[in-house]
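In the numbering used here, the protein residues as written are 1127 to 1263.
Okay, structure coming up:
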């Protein structure tokens, strides 16, 4: 029975542009700097349904089209509701050690810089270095 209905689905706007921001924030438990991405904005998406398929499917889909339109209208805010404001930790900066020296970044900030006319991402941080003397035998 599910093969009886067939629709071509298009969305508007197409492409739907989603804005994402990124920033370093301290982890609540460890204090380590984390690169966190946040979905800042998601546009309202309109779904357009057009009956498709064989002639029988087009007729059946046209008969069910008002119900399909109601479902499409109900779904228009779902992508925004599901994505907007969502966050994801992309990377956690920890302490980096080599032999007896350890470096810990803090107060990490993202910015921008231009080198030779090319835009680049700039990361600034406070680095704390520590030295652990090797054990004496």
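Note that the Cβ used here is the ideal one computed from N, Cα and C, for glycine as well.
Between the CA atoms of residue j and residue i - distance to the nearest angstrom
i, j, result
"residue 1276", "residue 1235", "Residue 1276 is absent from the model: the chain starts at 1127 and stops at 1263."
"residue 1214", "residue 1222", "23 Å"
"residue 1257", "residue 1248", "28 Å"
"residue 1146", "residue 1208", "14 Å"
"residue 1188", "residue 1182", "10 Å"
Limits of the beta strand (DSSP E) - the one that residue i falls within
i, result
"residue 1248", "1244-1257"
"residue 1224", "1222-1224"
"residue 1237", "1227-1241"
"residue 1159", "1159-1167"
"residue 1146", "1145-1152"
Beta carbon of residue i nearer than 9 Å to that of residue j
i, j, result
"residue 1152", "residue 1159", "yes"
"residue 1171", "residue 1192", "no"
"residue 1111", "residue 1135", "Since the first residue of the chain shown is 1127 and the last is 1263, residue 1111 is not available in this structure."
"residue 1083", "residue 1133", "Given that the chain is displayed from residue 1127 to residue 1263, the structure contains no residue 1083 and the question cannot be resolved."
"residue 1148", "residue 1161", "yes"
Simplified DSSP state of residue i, which is helix, strand or coil
i, result
"residue 1207", "helix"
"residue 1129", "helix"
"residue 1196", "helix"
"residue 1261", "coil"
Residues that residue i bridges to, as DSSP identifies them
i, result
"residue 1183", "Beta-bridge pairing links residue 1183 to no other residue."
"residue 1177", "1133"
"residue 1138", "1172"
"residue 1215", "1162"
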